[in-house]
Each structure stands twice: as structure tokens, then as C-alpha cells.
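What follows is a single structure, written as C-alpha cells, with notes after it.
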Amino acid sequence: MSFNDGNNSNDFMNDIDRMKKEFQNGAKMIGPIAILFLLVVGGFTSFYTVEPDEEAVVIRLGRFLTTNSPGLHFKVPMGIDKVIKVKTKRVLQAEFGFRTSNTRTRRTTYSASNYQDESLMLTGDLNVADVEWAVQYQIADPFKYLFQTSSPETNIRDVSESIMRRVVGDRSVTDILTTGKVEIESRAKVLMQEVLNKYDMGVSIVTVKLQDVNPPEVVKPSFNEVNEAKQEQEKAINQAEGEYNKVIPEARGKADKLISEAEGYATAQVNRALGDAQKFEALLKEYKRAPKITRKRIYLETMSKIFKKFENITVVDPSVKGLLPIFNNSLGGGK
1 MSFNDGNNSN
11 DFMNDIDRMK
21 KEFQNGAKMI
31 GPIAILFLLV
41 VGGFTSFYTV
51 EPDEEAVVIR
61 LGRFLTTNSP
71 GLHFKVPMGI
81 DKVIKVKTKR
91 VLQAEFGFRT
101 SNTRTRRTTY
111 SASNYQDESL
121 MLTGDLNVAD
131 VEWAVQYQIA
141 DPFKYLFQTS
151 SPETNIRDVS
161 ESIMRRVVGD
171 RSVTDILTTG
181 KVEIESRAKV
191 LMQEVLNKYD
201 MGVSIVTVKL
211 QDVNPPEVVK
221 PSFNEVNEAK
231 QEQEKAINQA
241 EGEYNKVIPE
251 ARGKADKLIS
261 EAEGYATAQV
271 NRALGDAQKF
281 EALLKEYKRA
291 PKITRKRIYL
301 ETMSKIFKKF
311 ENITVVDPSV
321 KGLLPIFNNS
331 LGGGK
């Protein structure tokens with residue numbers, strides 16, 4: 001072996017020793033750096049914020065721990081604690097027969113081909129109605145909502161559709177399309193809440209709203225014709241009732257007027273007859289006291305009533321030699 005070979009071997013061993021020392025020094029630094037990294041990451045992931053419209057359900061190692069209200073909260077990091085946030089203050093909506101296309105403008109899109117399996121229903125009189133509705137609800141208990149059933153949103157939709165079909169099936173198609181909508185909404189809300197309470201899902205139904213109710217597209221023209229005929233019928237009935245209400249009061253008013261006039265006339269006649277009777281009784285008393293004078297007075301009064309309409313009175317009688325002055329003096333007539 002030469003002298004140069006010995007030097008190369010020593011240099012190689014020195015390099016190995018140096019690398020060992022550097023590795024040992026690096027290994028000593030990895031521990032503190034890893035600990036520092038874990039502390040930083042754990043610090044950032046140990047706190048979470050619950051928004052005002054939320055509640056947070058905390059799960060520790062797969063078991064329910066607690067429910068936290070809005071605000072800043074601590075959790076054990078590194079996947080030990082898992083936080084599920086639930087919108088408990090927000091009103092959620094499930095739509096049937098349609099879907100909301102834009103939540104800002106609230107414009108809705110209707111597609112019979114896509115959603116008829118939800119909206120087509122059999123009515124109580126064996127007709128078919130296309131019913132579109134929305135169910136608004138709130139999460140009252142986030143723990144029950146998350147863990148009482150495996151798929152709460154699907155369960156809510158299934159319950160809502162089942163109840164709506166039952167309520168619609170109890171009514172006629174005319175009732176559903178016209179005056180029965182409010183009653184259907186109210187009844188469906190009550191029944192949905194009863195079923196969800198039995199499931200103990202922690203859900204509260206806010207409202208059930210019928211969005212649109214129509215006959216199926218195939219029979220819509222015929223249904224519209226029937227509807228128009230019914231409207232014409234109702235219009236004719238209303239006009240007839242209006243005429244009735246106009247004519248009958250007028251006729252009753254005229255009848256009441258005639259009855260009142262007849263009663264007034266009868267009262268006047270009775271009063272006149274009573275007056276004549278009293279006058280006759282007074283005259284009878286005078287006649288009994290002085291018959292001749294009374295007869296003459298009656299005669300003169302009678303002649304006065306008969307002849308006072310005539311300006312000239314002429315008595316033609318051959319046996320009369322002169323004129324009766326009584327006519328001129330007592331009756332006011334001429335010769």
C-alpha cells in the first residue's frame with residue numbers, strides 16, 4: 001500500500017464521522033421543531049366560532065359530548081374532538097314539484113318532466129291533480145336532527161310527500177283547485193308535525209305552502225272549459241240574485257206603500273163615519289125638541305148644497321103665481 005492510499009482512507013473516515021455528528025445534531029433539532037409545529041397547529045385548530053344562526057354539536061372520539069351556542073369555543077385538536085355546526089335559527093325549505101332556480105331573486109322554475117313523480121296525485125273523486133308545494137322547517141334540537149335518523153332531510157321529504165298525498169286524497173279536485181287550499185295547508189302542517197314528533201327528529205314545521213295547483217297538462221284544456229262554464233253559471237246566478245234583490249225590495253216597498261195608503265183611507269173613512277154619526281145624533285136631539293124648525297133647516301141646507309153650484313135657478317111650475325124668495329135669499333141663486 002502506498003502512502004497516498006493511506007491518506008485517502010483517513011479522509012473518507014473523517015467524512016463519515018462528520019456526517020454522523022451532523023445527523024445527530026439534526027436529529028436533536030427535529031424533536032423541538034416537531035413539538036413546536038404541533039403546538040402551532042393545535043393552537044390554530046383548538047378554537048372554533050359558532051355563528052349567531054348556528055349551534056355546534058361536539059363529538060369526542062365518536063361519542064356525543066355537548067352542544068355549544070353561538071360564540072368562540074375550545075376543542076381538543078388532532079381529530080379528538082369533531083365539531084358539527086347546524087343552522088338552528090335559519091328557516092330551511094324542502095320543495096316538491098319544482099325547484100328554486102335563484103335564491104336571491106326567488107325566481108322558480110317548473111319542469112313537469114323532472115318533478116311529476118312528486119307532484120302528480122290522485123284526488124278523493126278519482127281525478128289527478130298536479131300539486132306543487134313547499135315545506136319550511138327549523139331544526140329545534142341539533143343532536144336529535146343529526147343522530148336520531150340516518151338521513152333527516154330525506155326523512156322530512158318522505159314524510160311531507162306522504163302526508164300531502166293523504167290530505168289531497170281526502171278532497172275533490174274542485175276543492176283542491178279552488179277554495180280548499182288554505183285548509184289543505186293547515187291540515188298537512190299538523191299531520192307532518194305529528195309524524196316528525198313520533199320520529200323524535202328535533203324538527204319544527206314552520207309552514208306548508210301550496211305553490212301551484214293545476215290539472216295535468218293533458219286534460220288542462222278540457223278542465224279550463226269546464227271551469228269557464230262554471231264561472232258563467234255563477235255569473236248568471238249572481239246576476240239573477242242581483243235582479244231579485246233589486247226587484248223584490250221595490251215590490252215590497254210599493255206593497256207597503258199601498259197598504260199604508262189603504263190603512264190611511266180606511267182610518268179616514270171610519271173617522272168621517274163617526275163624525276157623521278155624531279152629527280146625526282146631535283141633529284136628532286134638535287129634531288125632537290123642534291121638529292118643524294129642524295125639518296126646514298135641513299131642507300134649506302140640503303137645497304143650498306144642491307143648488308150652490310148654479311148661478312141662475314129658475315122654477316117653472318104653472319101653479320106657482322110668483323117667485324119663491326127663499327131661493328134668492330137663502331140659496332144665493334138667481335131667478
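Everything in the sequence shown is counted per UniProt numbering, starting at 1 for the first residue and increasing by one. Built from N, CA and C at the ideal position, the CB exists for glycine as well. These numbers were taken from a predicted model, which means no experiment stands behind them.
Backbone secondary structure at residue i - three-state DSSP
{"i": "residue 171", "result": "coil"}
{"i": "residue 255", "result": "helix"}
{"i": "residue 176", "result": "helix"}
{"i": "residue 68", "result": "strand"}
{"i": "residue 164", "result": "helix"}
{"i": "residue 77", "result": "coil"}
{"i": "residue 240", "result": "helix"}
Delimiting residues of the alpha helix (DSSP H) encompassing residue i
{"i": "residue 149", "result": "Taken as a continuous stretch (DSSP letters only), residue 149 belongs to no alpha helix (DSSP H), as it is neither H nor E."}
{"i": "residue 60", "result": "Here residue 60 belongs to no alpha helix (DSSP H); instead the beta strand (DSSP E) covers 55-60."}
{"i": "residue 184", "result": "181-199"}
Cβ-based burial, residue i [other Cβ within 10 Å; buried from 16]
{"i": "residue 243", "result": "exposed"}
{"i": "residue 258", "result": "exposed"}
{"i": "residue 191", "result": "buried"}
{"i": "residue 142", "result": "buried"}
{"i": "residue 221", "result": "exposed"}
{"i": "residue 129", "result": "buried"}
{"i": "residue 265", "result": "exposed"}
{"i": "residue 281", "result": "exposed"}
{"i": "residue 205", "result": "buried"}
{"i": "residue 270", "result": "exposed"}
{"i": "residue 91", "result": "exposed"}
Segment limits, beta strand (DSSP E) that includes residue i
{"i": "residue 300", "result": "Where residue 300 is concerned, there is no enclosing beta strand (DSSP E), although the alpha helix (DSSP H) it sits in stretches over 291-307."}
{"i": "residue 127", "result": "Premise fails: residue 127 is in no beta strand (DSSP E) and is neither H nor E."}
{"i": "residue 49", "result": "47-50"}
{"i": "residue 81", "result": "81-86"}
{"i": "residue 209", "result": "203-214"}
{"i": "residue 140", "result": "Run containing residue 140: none; DSSP gives neither H nor E here."}
{"i": "residue 95", "result": "92-96"}
Closest by C-alpha distance to residue i, when choosing among the options
{"i": "residue 84", "options": "48, 96, 91, 173", "result": "48"}
{"i": "residue 117", "options": "202, 165, 70, 282", "result": "165"}
{"i": "residue 156", "options": "170, 74, 195", "result": "195"}
{"i": "residue 180", "options": "265, 92, 124", "result": "124"}
{"i": "residue 71", "options": "228, 198, 51", "result": "51"}
{"i": "residue 67", "options": "58, 207, 147", "result": "58"}
{"i": "residue 213", "options": "201, 230, 182, 240", "result": "182"}
{"i": "residue 98", "options": "69, 131, 283, 87", "result": "131"}
{"i": "residue 133", "options": "275, 210, 255", "result": "210"}
{"i": "residue 207", "options": "120, 135, 101", "result": "135"}
{"i": "residue 338", "options": "76, 101, 151", "result": "Since the displayed the chain opens at 1 and closes at 335, residue 338 lies outside it and no answer follows."}
{"i": "residue 93", "options": "154, 78, 63, 82", "result": "154"}
{"i": "residue 96", "options": "64, 74, 161, 137", "result": "161"}
{"i": "residue 175", "options": "137, 78, 289, 215", "result": "215"}
Sequence-distant residues of its chain with Cβ nearer than 7 Å to residue i (five each side left out)
{"i": "residue 127", "result": "173"}
{"i": "residue 159", "result": "192, 195, 196"}
{"i": "residue 61", "result": "80"}
{"i": "residue 69", "result": "50, 55"}
{"i": "residue 286", "result": "294"}
Residues near residue i in its chain [Cβ-Cβ closer than 6 Å; skip 5 each side]
{"i": "residue 89", "result": "53"}
{"i": "residue 148", "result": "200, 201"}
{"i": "residue 121", "result": "129, 131, 165, 168"}
Proximal residues to residue i (C-beta, below 8 Å), its chain only, five neighbours per side dropped
{"i": "residue 163", "result": "188, 191, 192, 195"}
{"i": "residue 171", "result": "123, 124, 180, 184"}
{"i": "residue 224", "result": "none"}
{"i": "residue 86", "result": "54, 55, 56, 57, 139, 142, 145, 146"}
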